Every structure is written in structure tokens, then in C-alpha cells.
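Taken in sequence, the protein lines are chains F and Y. Every position in the first sequence, counted from 1, becomes a number in the numbering used here once 347 is added. Every position in the second sequence, counted from 1, becomes a number in the numbering used here once 347 is added.
2 protein chains.
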Amino acid sequence: MAHGAGGKASRRLVEGLFAPLLFGDSAEPLGDAALLSINGAPVAITTDSFVVKPLSFPGGSIGELAVNGTLNDLAVSGARAEALVVTYVLEAGLPVGILEAEVRAMARAARAAGVRIAGGDTKVVEHGKADRMYITTTGIGRPLRGVTIAPRSVQPGDKILLSGPIGDHGITILLARGELDIEAELRSDTRSVFPLVEAMVSAAGPGIRWMRDPTRGGVATSLNELARDCGHGIVLLEELIPVRDAVRGACELLGLDPLHIANEGQFLAVVSADYADAALNALNLATGGEQAQIIGEVREQPAGSVLVTTRYGGSRIVDMLVGDPLPRIC
Amino acid sequence: MAHGAGGKASRRLVEGLFAPLLFGDSAEPLGDAALLSINGAPVAITTDSFVVKPLSFPGGSIGELAVNGTLNDLAVSGARAEALVVTYVLEAGLPVGILEAEVRAMARAARAAGVRIAGGDTKVVEHGKADRMYITTTGIGRPLRGVTIAPRSVQPGDKILLSGPIGDHGITILLARGELDIEAELRSDTRSVFPLVEAMVSAAGPGIRWMRDPTRGGVATSLNELARDCGHGIVLLEELIPVRDAVRGACELLGLDPLHIANEGQFLAVVSADYADAALNALNLATGGEQAQIIGEVREQPAGSVLVTTRYGGSRIVDMLVGDPLPRIC
Numbered sequence: 348m349a350h351g352a353g354g355k356a357s358r359r360l361v362e363g364l365f366a367p368l369l370f371g372d373s374a375e376p377l378g379d380a381a382l383l384s385i386n387g388a389p390v391a392i393t394t395d396s397f398v399v400k401p402l403s404f405p406g407g408s409i410g411e412l413a414v415n416g417t418l419n420d421l422a423v424s425g426a427r428a429e430a431l432v433v434t435y436v437l438e439a440g441l442p443v444g445i446l447e448a449e450v451r452a453m454a455r456a457a458r459a460a461g462v463r464i465a466g467g468d469t470k471v472v473e474h475g476k477a478d479r480m481y482i483t484t485t486g487i488g489r490p491l492r493g494v495t496i497a498p499r500s501v502q503p504g505d506k507i508l509l510s511g512p513i514g515d516h517g518i519t520i521l522l523a524r525g526e527l528d529i530e531a532e533l534r535s536d537t538r539s540v541f542p543l544v545e546a547m548v549s550a551a552g553p554g555i556r557w558m559r560d561p562t563r564g565g566v567a568t569s570l571n572e573l574a575r576d577c578g579h580g581i582v583l584l585e586e587l588i589p590v591r592d593a594v595r596g597a598c599e600l601l602g603l604d605p606l607h608i609a610n611e612g613q614f615l616a617v618v619s620a621d622y623a624d625a626a627l628n629a630l631n632l633a634t635g636g637e638q639a640q641i642i643g644e645v646r647e648q649p650a651g652s653v654l655v656t657t658r659y660g661g662s663r664i665v666d667m668l669v670g671d672p673l674p675r676i677c
Numbered sequence: 348m349a350h351g352a353g354g355k356a357s358r359r360l361v362e363g364l365f366a367p368l369l370f371g372d373s374a375e376p377l378g379d380a381a382l383l384s385i386n387g388a389p390v391a392i393t394t395d396s397f398v399v400k401p402l403s404f405p406g407g408s409i410g411e412l413a414v415n416g417t418l419n420d421l422a423v424s425g426a427r428a429e430a431l432v433v434t435y436v437l438e439a440g441l442p443v444g445i446l447e448a449e450v451r452a453m454a455r456a457a458r459a460a461g462v463r464i465a466g467g468d469t470k471v472v473e474h475g476k477a478d479r480m481y482i483t484t485t486g487i488g489r490p491l492r493g494v495t496i497a498p499r500s501v502q503p504g505d506k507i508l509l510s511g512p513i514g515d516h517g518i519t520i521l522l523a524r525g526e527l528d529i530e531a532e533l534r535s536d537t538r539s540v541f542p543l544v545e546a547m548v549s550a551a552g553p554g555i556r557w558m559r560d561p562t563r564g565g566v567a568t569s570l571n572e573l574a575r576d577c578g579h580g581i582v583l584l585e586e587l588i589p590v591r592d593a594v595r596g597a598c599e600l601l602g603l604d605p606l607h608i609a610n611e612g613q614f615l616a617v618v619s620a621d622y623a624d625a626a627l628n629a630l631n632l633a634t635g636g637e638q639a640q641i642i643g644e645v646r647e648q649p650a651g652s653v654l655v656t657t658r659y660g661g662s663r664i665v666d667m668l669v670g671d672p673l674p675r676i677c
């Protein structure tokens, strides 16, 4: 299960098996979307399978997540989604009402984002060979002008921005399974982050060096990947990282770090120091970006690692997610 | 299960649920790929999930099928594949050797076709929540010049071309499951048909009106969909349809019609009468197209249906596939 959790085991699987065989000897760091040239036009493409359990949860459901998750991978790659295609793997016996609800959720999310669903495919497997339904979405889009995402351009002195509170999605899913005797007023943060990205790019495009949506593996895993790819250190000030009380409380009870918990409606950005305030202002003024924060900065040390410091001067190295405390989160 | 078989129930599901909700009120007939414009450049896109059982079979395996199946959907839409993206849904406990074999099969098929694999995603579900692995591939490509696929342009007098013998894939899968006490020297026909399509387009592009790869539901289902979309009748001469003895024998034993059996390396084309010989010659001269045939023609009657005639003057209407005699064929 850990190989699907988005942390260290996932990274080993991708870097040890998939990438060398499938992507050849490309030396580019792996991003959220691939950039291609079709007939001379730049095109961004990204794909994800969704196996979230349960299918619906406070704040969202698999259909909505499958649309917004893919839109977000394009957004943090600096691309505006133009179209989605979708496949369903359905378990025989799935009530048609459940399928219809998720198809409607997809249509609604796509319409809200102004993105066309251009095609799809459906397969049915025997009862017991899937868990109700799995959805795969692929998004294609066109790169926004005025922004280039490149982890290797990240420099000491750059600021780390976070769009809002972390951990809402992962903890909501965990509680929605009903296996723990914990209740909390919490909803998944699932949404399209493209409007926020677009606002930030308009205001601070030339200063944006890197973006990522910290889904599986959370903020800690995304920033560890960045630290490794850019070779610098990432230093976060813990008190600046927005975490709701309900998330913090559940994490304390369960021995989890909010920095490892999945998000579905937040993104991280590295912005040069001279553009950081403009980027933050743009986010804070946009709907849904009111709680965006500068949470830290890039330094020379600890090279390749993520260090979290507290207001009392304590500090700890935070690694990628190891193992899988929360399987099937998206 | 019938809803996944590609026949009547699948069509009802797509036309009754997916299309109205997801594709809006587009009046275009559903094709194998969608044509989009990104930054002014025409781009074709198609997506498919693969759930074939068993994972490997004489002539191919799920990884190879997932690449070639998607390349073929682009090919019969008149597009050259430029890149693929891929997702895996893996069952926890899957031996890594099996995964590696399928990743290698994908890489090999993509390399053979000269197509880049640009990205991907992996999810892991608990043991018992998938059947070893499901693969989803999405292909994007650029439309070939000089050919337009449009079922509504099909006219009485046009000829129906078939690239080679039918039923090899479906019967191979059926026998590979080992549930029947039948043995036969048979291999799946899985391959990329793009080289054949390209040769035919070069020789007869202006005369080509429609193409389709008759996968789930077979030749009968593809031609019934065409008959419905164009409003004319499709008349086939049974003796001209190439079927290997092993396929014919298995179908007779099992009460199946080869016209309903899935193919993975064949395609159908409708070509205007004045270009039909040029198209057939081009196929027959290309490697792997030696057994291509003109198998029938478009007539005014029976409008909206497919009629098969025998050399003795008998005839029968052949409907779309109903039910699912061969689940999880691709």
C-alpha cells in the first residue's frame, strides 16, 4: 500500500521502475504535468487515477475530485485546462444512482471550471474486482504566458508560499471512513486552484519558480522533492503554517504530522524575494486565498532537506512520508 | 457486465447517462477520439482503461494492449499519436515481476510505434479490490492531412474495407482463460494499425469517409453504429469476410458469431467507390495488410441496419452485440 501513498516508496517505484523504462533517460525532474509540442503548439498533459474511499465525503466526492485533481495538476504546472477525458472502471452491481451522482459531480466541476469533457471510456469488472468505481481523468491545457516552472531555478532567498490551511482533505477522508471514534467539523478542501494560480501569475509571474499541489504525502513530501531537485534547503517556520484546530487535534490523537497529510485544494509556490509580497497579496485578495501565507524560505542549508523551526528556536528535519497511514486518499 | 461489453447496453449507458451529462448537447456522433484545438493547433485525444483477463495471452499482454489500443483509436480517427500518458491501479501484493513485465511491454510497444510516454500515475488498492492491475492510457496526436472521418459523409455505393481476419483477439482471450476444453493455434491480433492506416490515407485519403477499430462488440457492433449514424444500410458478403478456421470452429462450438468477437489489430474503413481499389491495393502491399478485403458496400436499404448475405443467396440482419459473452476482453 505504501507504494501508492505518494511518499518514499512511491518515489522509489517511479524512479526505479517506471521512469527508466517508460520515460527513457530524460534528466528532467518529474513534474505534475508533461509539456509537449503538437503541431508546433505547446500543450500540457497530465493524468491521474482516483480510488478514493469512501466515494463521497464532506465537501466532495470521487467525481468532483477526479476533475479538480487533474485541473490542479495542470494549474501548478502553469497551464490552463482546455479539456478532460475520463474513464470509469465500474464494479458489476454498482447501483446506477451512485454512478449517476458521480457523473453529475464531474459535469458540475467541469462546468464550474469552464472546461470541456471531450470523451471517455467505461469498463465493467466482476463484483469483487473493484471497489465500486475507479475514475481516471486526463487533462490537456495550454501553458500560461509569463510563467516558467523549473525546480532547478529555485535559489536561496526565495520565499515559500502556501495557499491555505493544510490537512483538511486527508483528515476528512480518515474520519469519513468511520473507523475511528473521532468526530470533527471538517470538510475536504477539494477545489480547483486555477483561479488562485492565475491571480498569482498575473501579479508575480516572472518571480514564480515552482508550484506543486501537495496531495498524497502532503506538504512535507512535496517540499522534500523540491529540496532534492533543486539541491538547496527548505526552512519553514511552523507557526506560519495554517492548520485548523480540528486537523491539529486529530493529528495529535493519531500521531500524524499535518505536514504529511494530503490536501486537494491547496498549492505551494516558490517565488523570488522581490515578487513574494506581490504574489501573496494577489492570493490574499482572491476568493479562497485569504489564508495564504509565506511559510518559509529557501536557504543553502540544510541542502536537499526540509527543516521546520518553532517560534521557541527548536527545529526538526521533516522527511517525506514513509509508509501509508492513510491509504486511498484520492 | 453487459454494460462494459461494448454492445447495446454500453451504448445505452453512454447515450443515456454519460453523453448528455458530460458532453452536453453536442449532436456529433461519438467517435474513437475527440478533436480539439489547443492554441490554434488541432489535437486529437482518446482514453481507454484496460482490464483484460488474463493479463497476458498468446500474442500480447495488458501493457502492450494498453499502448496499441490507444494508438489504434487515434489511427482510426485519422491521427498520428504524439504521446501517451498512463496510469496504473495496482492490487496490493502484486508481484513486482509482473508489474515490471507489463511496464516493459508498454515501453516496447511505444518505442516500436515511435511514440513517447510522457507521464503517469500509480495508485495501489487493497488486496481484493482490483484484479492484479488495471491500466489506463490516454493518447494525444495530430490529425493526418488529407483525410476527414465523418460518418455522415458515408454514401450508398461506398465500399467497406476490412484490414484482415476477425475474431483472433476475442477467441484467444477466451481460450487463454482455460475455462473451456478447447485448444487452438491462435494468437491475439494485437498490434498498431497506424502503419496500415497511413498507407491507405496516402493512397486514397480523399475517398476515406470513416474508420473504426472493431474492438469490443466486434465488426457487427461497429457497423451497426455506422449504419445508425449515417442512416444507410451496410450490406456484407459473408464469404469475403476473412475468418481463420480456428476462430470459426470455436465460434461454432460456442454459438458465437465471429462478427461479434473483439479484435485488437484490425480496422474497418468506408471508402468511396472511386478510391476503393487504391485503398485496398495500398493495404495489400503494406506489411500486415495482405489479407485486407473489400467485404461489402453501403446501400440505401436496409436503412440503419447491417445485412449479411451468403453466396447461396441467403441473408440475415446482424445486430449489435447483446449481452456479454466474453467479459474483460480488453
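Glycine is no exception: its CB is placed at the ideal position from the N, C-alpha and C atoms. Because the structure is a prediction, the values reported are computed rather than measured.
Collapsed DSSP secondary structure at aspartate 468 of chain F in the structure displayed
strand
Pick helix, strand or coil for proline 503 of chain Y, following the three-state DSSP scheme. In this structure, proline 503 of chain Y counts as coil in the three-state DSSP scheme.
Q) DSSP on arginine 381 of chain Y, reduced to helix/strand/coil? A) Sequence inspection shows alanine at residue 381 of chain Y; the arginine mentioned does not correspond to that position. Strand.
Enumerated in chain order, which unbroken segments of the alpha helix (DSSP H) with a length of 4 residues or greater are wholly contained in the stretch 517-570 of chain Y?
-> Whole alpha helix (DSSP H) segments, 4+ residues: 541-551.
| message | Looking at proline 674 of chain Y: is its Cβ nearer than 8 Å to the Cβ of alanine 413 of chain Y? | response | No, the Cβ-Cβ distance between proline 674 of chain Y and alanine 413 of chain Y is not below 8 Å.
So for aspartate 621 of chain F, helix, strand or coil by DSSP?
helix
If contacts are defined as beta-carbon pairs under 8 Å, then serine 535 of chain F and proline 405 of chain F qualify, I think. What distance do you get, rounded to the angstrom?
6 Å
Beta-carbon proximity of alanine 477 of chain F to alanine 477 of chain Y, cut-off 8 Å = It is a contact, given that the beta carbons lie within the stated cut-off.
Whether leucine 543 of chain F touches leucine 615 of chain F by CB criterion (8 Å): no
task: Could you work out which residues of chain F lie near lysine 476 of chain Y, taking near to mean beta carbons separated by less than 7 Å?
output: Scanning chain F for C-beta atoms nearer than 7 Å to the C-beta of lysine 476 of chain Y yields Ala477 and Asp478, reported in chain order.
Worksheet item: Are at least three pairs of beta-carbons, each pair with one atom in the stretch 583-602 of chain F and one in the stretch 509-527 of chain F, less than 8 Å apart?
Response: A contact exists between the stretch 583-602 of chain F and the stretch 509-527 of chain F.
Contact test: leucine 654 of chain Y Cβ vs the ligand GDP heavy atom, cutoff 7 Å: No copy of the ligand GDP occurs in the structure displayed, which carries no ligand at all.
* To do: Could you work out which residue in F/Thr469, F/Phe365, F/Ala523 and F/Ala380 is closest to leucine 402 of chain F when comparing CA atoms only?
  => F/Ala523
Check your understanding: In chain order, what residues of the stretch 442-453 of chain Y put their CB closer than 9 Å to some CB of chain F?
Key -> Answer set for the stretch 442-453 of chain Y: Val443, Leu446, Glu447, Val450, Arg451 and Met453.
For isoleucine 608 of chain Y, decide whether its Cβ has a neighbour in chain F, counting only Cβ atoms nearer than 8 Å. With 8 Å as the cut-off, isoleucine 608 of chain Y does not count as an interface residue toward chain F.
query: Do leucine 570 of chain F and valine 653 of chain F have their CB atoms nearer than 8 Å?
result: yes
(request) Sort F/Gly354, F/Val423, F/Ser357 and F/Leu360 by Cα distance to arginine 559 of chain F and report the nearest one. (result) F/Val423
task = Name the residue from F/Leu587, F/Ile676 and F/Asp395 whose alpha carbon lies nearest to the alpha carbon of valine 655 of chain F.
result = F/Leu587
Please return the same chain residues whose Cβ sits closer than 8 Å to the Cβ of isoleucine 513 of chain Y, not counting the five positions on each side in sequence.
Pro561, Gly565, Val566, Ile588, Pro589, Val590, Val594, Pro605, Leu606, Ile608, Asn610 and Gln613, listed in sequence order.
Taking only beta-carbon atoms, is proline 376 of chain F less than 8 Å away from chain Y?
-> no
Next on the checklist: For methionine 348 of chain F, would you say it is in contact with chain Y, using Cβ-to-Cβ distances shorter than 8 Å as the test?
Outcome noted: yes
Notebook entry, point to check: Given serine 396 of chain Y, which residues of its chain have a CB within under 8 Å of its CB, disregarding the five upstream and five downstream residues?
Noted result: Tyr481, Ile482 and Thr483
query: Hey, does arginine 489 of chain Y have any beta-carbon neighbour from chain F nearer than 8 Å?
result: yes
Excluding sequence positions up to five away, which residues of its chain have a Cβ less than 7 Å from the Cβ of alanine 426 of chain Y?
Ala380, Ala391, Gly488, Arg489, Pro490 and Leu491
Margin query: According to DSSP, is alanine 366 of chain Y part of a helix, a strand, or is it coil?
Written below: Three-state DSSP puts alanine 366 of chain Y in a helix.
- Task: Would you kindly work out how many angstroms separate the C-alpha atoms of tryptophan 557 of chain Y and leucine 630 of chain Y, rounded to a whole number?
- Result: 16 Å
May I have a chain-ordered list of the alpha helix (DSSP H) segments no shorter than 4 residues that lie completely inside the stretch 426-496 of chain F?
-> 443-460
Between the CA atoms of glycine 661 of chain Y and aspartate 420 of chain F - distance to the nearest angstrom: Looking at the backbone, the Cα of aspartate 420 of chain F and that of glycine 661 of chain Y are separated by about 58 Å.
_DSSP bridge partner residues for valine 645 of chain F (one or two, in chain order)_ = F/Ile581
Through-space distance from glutamate 644 of chain F to proline 367 of chain F, alpha-carbon basis = Using only the alpha carbons, I get a separation of about 32 Å.
Could you tell me if glycine 511 of chain F is buried or exposed, where buried requires 16 or more neighbouring beta carbons within 10 angstroms of its beta carbon?
buried
| request: Note the first and the last residue of the continuous alpha helix (DSSP H) segment covering valine 414 of chain Y. | output: 409-422
Open item on the list: Taking beta-carbon pairs under 8 Å, can you tell me which members of the stretch 423-437 of chain F lie near chain Y?
Closed with: Glu429, Ala430, Val432, Val433, Thr434, Tyr435, Val436 and Leu437
Margin query: With a threshold of 8 Å between beta-carbons, can isoleucine 496 of chain Y be considered close to chain F, or not?
Written below: no
**OP:** Counting only the same chain and skipping the five closest in sequence on each side, list residues whose C-beta sits under 7 Å from that of valine 494 of chain Y.
**Re:** Gly425, Val548, Gly552 and Ile555
Subject >> Identified DSSP bridge partners for leucine 509 of chain F >> reply: F/Leu615 and F/Gln640
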